[in-house]
Every structure is written in C-alpha cells, then in structure tokens.
Amino acid sequence: MMIPPPRPDDDPRNAPVYLRKTLLAQGLDDRTIRRLVAEGTLIKVRRGAYADRPDHDLLDAAGRHGLRARAVCQQARTSVVLSHVSGLPEYDAPTWGLDLSEIHVTRPDGRAGRREAGVQQHCGTLLEGDVVERHGVLVMTPPRLVLEVTTVATAEAGLVVANHFLHCGMTTKEELLERYALVERWPYSLRTRLVLHRADARIETVGESRTLHLIATAGLPAPECQYPIRAASGRVLYRVDFAWPELGVFLEFDGRVKYEKLLGPGERASDVVLAE
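Following UniProt numbering, the numbering of the sequence shown begins with 1 at its first residue and continues without gaps.
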C-alpha cells in the first residue's frame, strides 16, 4: 500500500484550530473573541472552535470539512479516529456526492457511538493496521475508508472513492476484498459488495467513475477501460477511456477543465473537440 507524503506544514488544510478554552487560558475573553470574529481575524468552525479566517477562506468544501473534523478531535473527551467521509480529506481523496454536513469519527475503545452536534460517532472493531497518523490526527487507512464510505454513501459516490484509492496505489482490489470478508456483516454491506465488484484501478477521474457506474446501471456490457488505439505497426497512438472493441465503439469522458481551462491562446472549446 502506497501512502502519499504528508502535506507541507503551511498548507491551509493544516491550519491550527483554537479551542475557546485555550483562547481564554491565553488571556482572551469572549468579548475579544467575538470582536476578532467580527473583524475577520478568526472564524468559528464549530461551537467552541475557531481558525484563522484567511486560511479558512482558501479552503474548498472538503478542506473546511477537514478543519471541522480536526476541531472535533480536539474537543473529544476520548480518543477518536477520523473515519468514513471525514477521513478522505487527509488523503486528498475526492468527496463528490458525499454529505459533508456531519463529521464521522470512530471510537477505538469499542464503546457505542452516538450522533450529536453535527458529529456521528461510530463503534467498530479496529484491526491492526487500520489506523495511521496523518497531519497530526489519527485517521483510518485507505482500505478501511473505502469500505466505510460505501456504508454511508450511494454506490456511485462509493465507486468514486474506491477507484481513486485503487488508481493512486493506496490499496488493491485484493486487499479490499480480503478486508471486506472480515466486515461483510456491517450495515449496508451489500452496497459495499456492489462497489467492489465494479471498482477498477484503471479509472483515473471522478467523471470516469461516474460514467462507469452509469454504464453498469444501464445494463450495458462491461467496457474495456483505458483501451489502447494502435497503429498498424503496433505503436499506441491514443488511449480511450472506455471501449467495446468487438462492437467498434469507444467512449470518452471529458470535463469542463479540458474544454475551458486548458485552452491554448486563441483556441475555443470547439477547436479542442475537433482536434480530438
């Protein structure tokens, strides 16, 4: 399993979280804290927790979720591990289609979890190797996260996460299936089985994962992914996202970035399409 290196210390996603009790201990009072928030120096990320506003404003929805998750870890009265959806930002994994309104943590002590104040505590058996430390917080490993996400998300969103970790080399299909065999009695694990059946390490993007899901749910034949188009000499000229060679059909998924943000000088989106 290949784990990516940690983010640089000055990455805004690593921004410090200041608890109210810490600020009070440093000599501030509630009136001063409110003034700092009103001035735009601090921002409240959740009740009793604050962050520097400039760092917070640089973050997307996943980054802000990660910041709230860090606050939850600091405020927890017992040891907790970032899990399910809330573990993904620590690996820069996609959160497409996932509900970011709640923070998910798992208690390693095996005691029953609860849901309150925007936090869902889970309980479950943690195996050796399930937990690592990243960016100063405890978080589940990619194989465990893939399985967990499938229990709280749609099959389509779960497939996006599974394919991302597979393509990046952070887990393998064999590893996921072995880990699944130990947790197949989890709630909603039938959806997990469906995701693992469709998951493919060759899928490179969120859009491709969603396309693969659409193909499968439409009842179409399974395509060849990243299919090479060769010259008569055998040299690979192109590689298409999906292909049905026996039918002479291929399918490409291209997002807005390709046709709008990566245009050359004087080019229009139609120029890129015609070149394709």
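Glycine residues also receive a C-beta, built at the ideal position from the N, C-alpha and C atoms.
Source: prediction; values computed, not measured.
In the displayed model, Asp271 falls within a helix according to three-state DSSP. Under the DSSP assignment, Cys168 falls outside any alpha helix (DSSP H); it carries neither an H nor an E label. For His104, the enclosing beta strand (DSSP E) stretches over residues Ile103 to Arg107. Fewer than three beta-carbon pairs drawn from the segment 174–182 and the segment 232–241 are found closer than 8 Å, and the two stretches are therefore not classed as touching. Nearest C-alpha to Ser189 among Ala201, Leu176 and Asp99: Leu176. Val149 places its beta carbon less than 7 Å from that of Val161. Where Ala93 is concerned, there is no enclosing beta strand (DSSP E), because DSSP gives it neither an H nor an E. For Leu42, the enclosing beta strand (DSSP E) stretches over residues Leu42 to Arg46. Rounded to the nearest whole angstrom, the CA to CA distance from Pro223 to Arg70 is 41 Å. Note on Arg47: under 16 other CB atoms within 10 angstroms of its CB, so exposed under the neighbour-count rule. In the DSSP assignment, Gln26 falls outside any alpha helix (DSSP H) and carries neither an H nor an E. Per DSSP, the continuous beta strand (DSSP E) segment holding Glu224 begins and ends at Glu224 to Arg230. Leu220 carries a coil assignment under DSSP once its states are collapsed to helix, strand and coil.
Taking all protein chains in view, the Cβ of Leu196 is crowded by 16 or more other Cβ atoms within 10 Å, so the residue is classified as buried. Given a length threshold of 4 residues, each whole run of the alpha helix (DSSP H) inside the segment 132–217 is given here in chain order: 142–152, 155–167, 173–181, 189–198 and 206–217. Beta-bridge analysis with DSSP links Val17 to Ala51. By the CB criterion at 7 Å, Ala201 and Leu166 fall inside the cutoff.
Annotated as distal: Ala62 and Thr22, with beta-carbon spacing of 7 Å or more. Glu252 and Ile229 have their C-alpha atoms roughly 13 Å apart. A distance below 8 Å between beta-carbons, with the five flanking residues on each side excluded, links Val137 to the following residues of its chain, in chain order: Ala69, Arg70, Cys73, Leu82 and Glu90. Under DSSP, Val240 takes part in a beta bridge, and its partners are Tyr227.
Inter-residue distance for Leu147 and Asp130 is about 12 Å (C-alpha atoms, whole angstroms). Beyond the five residues adjoining it in sequence on each side, Lys44 comes within less than 8 Å, by CB distance, of Val37 and Tyr50 in the same chain, given in chain order.
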